[in-house]
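So in this note's numbering, the last one in the sequence shown is 316, and the numbering has no gaps at all. Cβ atoms here follow ideal geometry from the backbone N, Cα and C, with glycine treated the same way. Model, not experiment: these values are computed from the prediction. Single-structure report; data block below.
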Amino acid sequence: MREPMKVIFIVGPDESNEAAADALRYKEILAEKGEGRIGVFSVYDLFRGLEKMSYGYRRYLFGIFLRTTASAILALPCWEKSEIAKDAVGYAKKYSAMEVFYPKLPDIDDKELRKAIGWGHAPWERTLKK
187 MREPMKVIFI VGPDESNEAA ADALRYKEIL AEKGEGRIGV FSVYDLFRGL EKMSYGYRRY
247 LFGIFLRTTA SAILALPCWE KSEIAKDAVG YAKKYSAMEV FYPKLPDIDD KELRKAIGWG
307 HAPWERTLKK
């Protein structure tokens, strides 16, 4: 039986172009190294085109996505600056079914990023691929 795809939701410090570019680098690494087993979305994907929508409504939409789709959170460096990122990490910790990863660099050598990639694979694949 095939295990359902796991989805990592990337949250970051703000809505700047630099943070969105960092999220894109993480997405590319996770897509390549996750070998199609990890779905990756970011807060920047979710809110693209919704900038004029009220902050409260965007937060509401984010909550729905987080509860229904995300399996884990990947918090970019300085994520504590964003209310939405704090909400995501707080939700993950409160309901503890979600993993939270805190990578420092968008680089495959980052320990937390490797942990996220390993988390996306089925347990039997992790033991076979060493």
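Candidates the options, of which the one nearest residue i by Cα
{"i": "I259", "options": "I250, F227 and P190", "result": "F227"}
{"i": "D295", "options": "R234, F251 and Y212", "result": "Y212"}
{"i": "F248", "options": "K279, Y288 and A271", "result": "A271"}
{"i": "P263", "options": "V286, T254, K280 and Y281", "result": "V286"}
{"i": "L210", "options": "S240, A274 and D293", "result": "D293"}
{"i": "N203", "options": "P289, D231 and M284", "result": "D231"}
Residue i in three-state terms, based on DSSP
{"i": "G198", "result": "coil"}
{"i": "K192", "result": "strand"}
{"i": "G225", "result": "strand"}
{"i": "T254", "result": "helix"}
{"i": "R234", "result": "coil"}
{"i": "D293", "result": "coil"}
{"i": "G220", "result": "coil"}
Residue i, buried or exposed, once every other Cβ within 10 Å from all chains shown has been counted against 16
{"i": "L314", "result": "Interpretation of L314 is limited by its pLDDT of 41, a score under 50 that renders its predicted location unreliable; the figure taken from the coordinates is listed afterwards. The residue in question, L314, is exposed, as its Cβ has fewer than 16 Cβ neighbours within 10 Å."}
{"i": "G198", "result": "buried"}
{"i": "P190", "result": "exposed"}
{"i": "K238", "result": "exposed"}
{"i": "A278", "result": "buried"}
{"i": "G222", "result": "exposed"}
Nearest-angstrom Cβ-Cβ length linking residue i and residue j, presumed shorter than 8 Å
{"i": "S268", "j": "D208", "result": "Wrong, their Cβ atoms sit about 13 Å apart, outside the cutoff."}
{"i": "L291", "j": "I215", "result": "Their Cβ separation, rounded to whole angstroms, is 10 Å, which puts L291 and I215 out of contact at 8 Å."}
Sheet register partners of residue i (DSSP bridge)
{"i": "F287", "result": "L260"}
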